[in-house]
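Just below is one structure, and these are the notes that go with it.
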Amino acid sequence: MVAMSGVNEIRSTFLNYYARNGHEIVASGPLVPRNDPTLMFTNAGMVQFKNVFTGLEKLPYSRATTAQKCVRAGGKHNDLDNVGYTARHHTFFEMLGNFSFGDYFKERAIELAWNLVTKEFGLPASKLLVTVYADDDEAHGLWKKIAGLSDRRIIRIGTSDNFWAMGDSGPCGPCSEIFFDHGEGIAGGRPARPTRTATASSRSGISCSCNTSRSPAGRGSTCRARRSTPAWASSGSPPCCRASTTTTTSTCSGR
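Oh and the sequence shown: position 76 is 76 in UniProt numbering, straight run, nothing missing.
Written as structure tokens, this is what we have:
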């Protein structure tokens with residue numbers, strides 16, 4: 001594992017990695033959104049790009065990476081009830097993310113995320129396993145192809161844990177998460193099979209793909225923009241040390 005001095009090095013390693021891979025480094029949006037009456041606080045890195053995802057705005061670049069300041073103290077993402085009970089829930093944190101607007105999709109998003117955690121952060125591949133949405137055969141096949149994972153280390157989950165949605169309407173789609181196995185010394189279990197005795201896994205990454213957009217009536221339609229977002233929430237320690245550093249990757253496609 002790569003030893004890192006703290007949050008500043010985690011942040012700079014992430015941003016510089018994606019900059020080297022063709023992403024524009026974009027400053028954090030304000031903690032209180034300027035033009036979004038639906039939110040009191042910014043709760044995710046994608047907030048400043050909402051108009052891009054829905055086709056209302058076009059940027060001069062097709063790839064971006066950010067270190068977004070976030071607050072989760074109510075609404076869809078409310079961490080208050082979990083603060084103090086886990087090492088990874090915080091009301092205020094930074095979410096590190098990369099975004100693709102009409103550029104790459106699942107394959108490149110998974111490749112970038114895997115190289116980030118195994119090469120840039122130096123997490124041992126033997127300690128990692130992933131989850132995919134139950135019927136997402138494409139993501140399942142890509143994890144085997146890119147990461148060389150066996151079927152046992154690619155877990156299918158058919159719940160909202162592996163289906164990302166911006167809200168009741170708008171971009172949505174299946175997602176995939178990377179987990180780090182901390183060993184039997186920590187209570188937990190394989191994803192979707194929590195136990196007190198099984199090998200413990202804590203989430204350290206997400207790779208989402210958004211293929212459709214919900215209408216207010218709940219009907220699906222194609223999205224107008226692609227995006228992919230691995231996002232690390234940095235809380236003071238390297239990703240190999242605590243479950244509080246998490247990765248979120250989202251991809252929205254106009255397929």
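Where is the CB? At the ideal position from N, CA and C, for every residue including glycine. The structure presented is a predicted model; accordingly, all values stated were derived computationally and were not measured.
Backbone CA spacing between residue i and residue j [nearest angstrom]
| i | j | result |
| --- | --- | --- |
| Phe101 | Leu80 | 32 Å |
| Thr229 | Gly97 | Note that Thr229 has pLDDT 38, beneath the 50 cutoff, so the model's placement of it is unreliable and no number is given. |
| Ala44 | Ser150 | 32 Å |
| residue 291 | Gly55 | Only positions 1 to 255 of the chain appear in the structure, and residue 291 is not among them; the question remains open. |
| Arg11 | Leu112 | 16 Å |
| Met1 | Phe121 | 7 Å |
| Glu184 | Arg190 | 11 Å |
| Trp114 | Asp181 | 15 Å |
| Ala125 | Lys145 | 14 Å |
| His89 | Lys58 | 33 Å |
| Met95 | Arg153 | 26 Å |
| Ala3 | Thr118 | 13 Å |
| Ala134 | Leu31 | 35 Å |
| Ala217 | Val52 | Because Ala217 carries a pLDDT of 46, less than 50, the predicted location of this residue cannot be relied on, and no value is offered for it. |
| Gly29 | Glu107 | 28 Å |
| Asp36 | Thr91 | 20 Å |
| His140 | Asn82 | 31 Å |
| Glu24 | Lys127 | 31 Å |
| Arg34 | Gly148 | 44 Å |
| Phe103 | Leu123 | Checking the displayed sequence, the identity of residue 103 turns out to be Asp instead of Phe. Between Asp103 and Leu123, the C-alpha separation is close to 27 Å. |
Residue i: CB within 7 Å of a non-hydrogen atom of the ligand FAD
| i | result |
| --- | --- |
| Arg34 | Here there are no bound small molecules, and the ligand FAD is not part of this structure. |
Among the options, nearest to residue i - alpha-carbon criterion
| i | options | result |
| --- | --- | --- |
| Ala19 | Ser169, Val7, Tyr61 | Tyr61 |
| Gly16 | Gly84, Ser28, Leu116 | Looking at the sequence itself, residue 16 is Asn, so the reference to Gly does not match. Among Gly84, Ser28, Leu116, the Cα nearest to that of Asn16 is on Leu116. |
| Ser160 | Ser176, Lys145, Asp181, Ala147 | Ser176 |
| Phe179 | Gly173, Ala192, Cys172, Gly167 | Ala192 |
| Phe41 | Lys69, Phe14, Ser126, Ala3 | Lys69 |
| Phe105 | Lys127, Thr91, Leu142 | Leu142 |
| Glu138 | Ala165, Leu128, Ile110, Trp164 | Ile110 |
| Arg156 | Asp181, Glu9, Ala3, Val130 | Val130 |
| Thr13 | Gly167, Thr65, Ser28 | Thr65 |
| Gly188 | Gly167, Thr86, His140, Ser28 | Thr86 |
Residue i burial status per 10 Å Cβ neighbour count (16 or more: buried)
| i | result |
| --- | --- |
| Val132 | buried |
| Val47 | buried |
| Ala231 | Because Ala231 sits at a pLDDT of 38, beneath the cut-off of 50, its placement in the model cannot be relied upon, and the following sentence gives the value as read from the coordinates. Buried, since its Cβ has 16 or more Cβ neighbours within 10 Å. |
| Lys50 | buried |
| Thr38 | exposed |
| Arg72 | buried |
| Ile186 | exposed |
| Asp136 | buried |
| Ala67 | buried |
| Gly6 | exposed |
| Gly22 | exposed |
| residue 320 | This structure cannot settle anything about residue 320, because the visible part of the chain is limited to 1 through 255. |
| Asn8 | exposed |
| Gly84 | exposed |
| Gly167 | exposed |
| Ala27 | exposed |
Integer-rounded CB distance, given that residue j should sit under 8 Å from residue i
| i | j | result |
| --- | --- | --- |
| Gly173 | Trp164 | 6 Å |
| Arg63 | Phe99 | 7 Å |
Residue-level contact to chain B via CB, residue i, 8 Å cutoff
| i | result |
| --- | --- |
| Ile110 | The chain inventory of the structure shown lacks chain B, comprising one protein chain alone. |
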